[in-house]
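Protein chains in written order, with my numbering: chain A, 2 to 475; chain B, 301 to 503. Using N, Cα and C, we set each Cβ at its ideal position, and we do this for glycine too. A quick write-up on the structure given underneath.
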């Protein structure tokens, strides 16, 4: 048999009907994750057509995007102040009830950001196809699952048929050799990758991350890398499963047990890309050369080393790219050639499906222990799930953040997408551990610098953009 | 379920010479708290289109008289990047657009558009420059999906690629959900041969 890539193996295993010259492949979906924002119109479509959800037992819903994260009253109620958001949440409850779809609702101790709870519950497993009406579904690729975001029409397709119409993607290998220096993290790897290949560089491709630096990452770090694959335009990100993957999964609520665990691991070990299999394109980075990264512009590809200076549009040859950079610097109110280190910020946001897991909170707390959030800075710490929140509280991390003067919140997407009232005021600057620095993403007129949890914590303490390497022991 | 087939149409173009227009610009997240698709045209490009007081910014292209009735938007590279929100093509279609021209489109946006009768027309850089210049003058083009061409006023034309199946569906009003449901027996067979990898009902 021809040597195959990890992507090709998963693809082949899920073909209900292969691609032809005139029709796309029909691809089977193992797990469909659903949330309140991109599903209502899909359920309505099923209702109008008198269709059922084909496999409610391969579907699971949660509430995360528009949910409040403010501390809850002692009486156990969870008030949702925004009537439109409240109606959307009620609609999801109704849809799940009517169609028999399991729901981890607000108040459930397993509720959280959909891309945090899938892995946490052991729902996300190697070799699966996973979809969700959310572009950061690429996160689950960290397990060697083919996982990608879909629109609401396709949410309807999967609800009704458990399948998608798909054309085969190209493959891209992003190899990261070497080792990361202290203070440099998974977030810096992926920001460097996007700066290198560009926000459209992965379009049409599934990216597989390989190399020594990737193998050395924990599962949570691999999730951070795969999460932002979409920010390079990639359809999905993948990391081949290995012992790190199996150790993470073992014993999780939905993971296989006993003999079926042994069988599953044996099958998962056959998934990694075969020796001699070819990718359509390979890009190589050297981890040793990486520094903490930060974005200066209005898309995630506008990133640089934190000790670098804001680029000068006059040095950009392509007229389209030049005007894009000029527009971005105008929006950010930054001057070409200025350093970002030492620049005052108003808000620090630690959270999102990119960086809200327990290791992210531990890293930030490590920098902030015994320190105070600088005057004039508001810091929001939003754990990715209720389980992360409980774990953090058990370890006393919440005390570290609270004692520093940060806000300790309930789980949700929060200020990453700013749908729930957590947002920047016009003109405010934030260092944010989330994934998008688009104009207005964190609130109309708000300005976002994307960075790692370590950089966010260092910045919160200093009150100005700071180099995390000064805070960690080599 | 019947879907309106797409026919050739002639329309003025609107120029939006911005690269990497992300779906947060096309429709900001605060407009996603809806449970239907209606009325999203009003929120199209909301942060660029309306001032802090909510009044339309007369300088923004969509608020200018020449945009009225235009069905074709010409924008820069990598249109529709970012979030998977289908609200983006719903908003564009709700405003009245039936085609967007760029050099390339983000994958999910492209997929979503094709399911809503909004044509993502990818052309090469030279053709793009020509169309952008023409759009800036308020020029008209004829978009014909059947021949996959955009015909310019001088009689010249530009071809564009489109997935054969999407083209077939759009031209014949074929509904993809109906198509997939029709694959049912093959899906039954696949499920019989492949045990579930995970069961969510234990939640």
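Any non-hydrogen atom of the ligand COA closer than 8 angstroms to residue i Cβ
i	result
residue 91(A)	For the structure depicted, the ligand COA is absent and the ligand set is empty, with no information on it obtainable.
is_contact[residue i, chain B] using C-beta, thresh 9 angstroms
i	result
residue 31(A)	yes
residue 224(A)	no
residue 153(A)	yes
residue 327(A)	no
residue 335(A)	no
residue 213(A)	no
residue 391(A)	no
residue 456(A)	no
residue 61(A)	yes
residue 331(A)	no
residue 339(A)	no
residue 124(A)	yes
Contact under 9 angstroms by Cβ, residue i with residue j
i	j	result
residue 149(A)	residue 132(A)	yes
residue 102(A)	residue 61(A)	yes
residue 54(A)	residue 69(A)	no
residue 446(B)	residue 416(B)	no
residue 221(A)	residue 370(A)	no
residue 302(A)	residue 232(A)	yes
residue 238(A)	residue 162(A)	no
residue 443(B)	residue 431(B)	no
residue 48(A)	residue 99(A)	yes
residue 193(A)	residue 304(A)	yes
residue 506(B)	residue 371(B)	Beyond the ends of chain B as shown, which are 301 and 503, falls residue 506(B); an answer cannot be given.
residue 347(B)	residue 390(A)	no
residue 386(A)	residue 35(A)	no
residue 448(A)	residue 429(A)	yes
residue 461(A)	residue 374(A)	yes
residue 407(A)	residue 382(A)	yes
Own chain residues within Cβ distance below 7 angstroms of residue i, not counting five before or after
i	result
residue 283(A)	174, 176
residue 339(A)	310, 311
residue 245(A)	219, 220
residue 319(B)	376, 377, 378
residue 336(B)	none
residue 322(B)	381, 382
residue 278(A)	4, 5, 6
residue 323(A)	314, 317
Cβ-Cβ separation, residue j to residue i (assumed contact under 8 angstroms), whole Å
i	j	result
residue 119(A)	residue 141(A)	6 angstroms
residue 310(B)	residue 440(B)	6 angstroms
residue 387(B)	residue 327(B)	5 angstroms
residue 276(A)	residue 8(A)	About 16 angstroms; that fails the 8 angstroms criterion.
residue 28(A)	residue 130(A)	6 angstroms
residue 225(A)	residue 465(B)	That pair is no contact at about 35 angstroms.
residue 123(A)	residue 269(A)	Wrong, their Cβ atoms sit about 13 angstroms apart, outside the cutoff.
residue 384(B)	residue 136(A)	4 angstroms
residue 393(A)	residue 351(A)	At roughly 11 angstroms, the Cβ-Cβ gap does not stay under 8 angstroms, so residue 393(A) and residue 351(A) are not in contact.
residue 195(A)	residue 342(A)	Not quite, the Cβ-Cβ distance comes to about 21 angstroms (not below 8 angstroms), so this is no contact.
Proximity test, Cβ basis, 9 angstroms: residue i and chain A
i	result
residue 373(B)	no
residue 383(B)	yes
residue 347(B)	yes
residue 430(B)	no
residue 500(B)	yes
residue 330(B)	yes
residue 408(B)	yes
residue 320(B)	yes
residue 460(B)	no
residue 496(B)	yes
residue 423(B)	no
residue 325(B)	yes
Close-in-space but distant-in-sequence residues of the same chain around residue i (CB under 6 angstroms, 5 per side omitted)
i	result
residue 364(A)	454, 455
residue 218(A)	187
residue 413(A)	65, 68, 70
residue 199(A)	302
residue 473(A)	183, 184
Chain-order list of residues whose beta-carbon lies under 8 angstroms from that of residue i (same chain, five-residue window excluded)
i	result
residue 155(A)	132, 134, 165
residue 59(A)	30, 31, 32, 33, 163
residue 440(A)	299, 332
residue 19(A)	26
residue 313(B)	370, 372, 373, 374, 401, 431, 434, 435, 438, 439, 440, 441
Neighbouring residues, chain E, relative to residue i (Cβ below 7 angstroms)
i	result
residue 163(A)	No chain E is present in this structure, whose protein chains are A and B.
### Message
With a threshold of 8 angstroms, are at least 3 pairs of Cβ atoms found where one atom belongs to the segment 416 to 436 of chain A and the other to the segment 278 to 292 of chain A?
### Response
no
### Query
If you pair each beta-carbon of the segment 413 to 427 of chain B with each one of the segment 343 to 363 of chain B, do three or more pairs fall below 8 angstroms?
Taking a cut-off of 8 angstroms on C-beta distances, the segment 413 to 427 of chain B does not touch the segment 343 to 363 of chain B, as fewer than three cross pairs fall below it.
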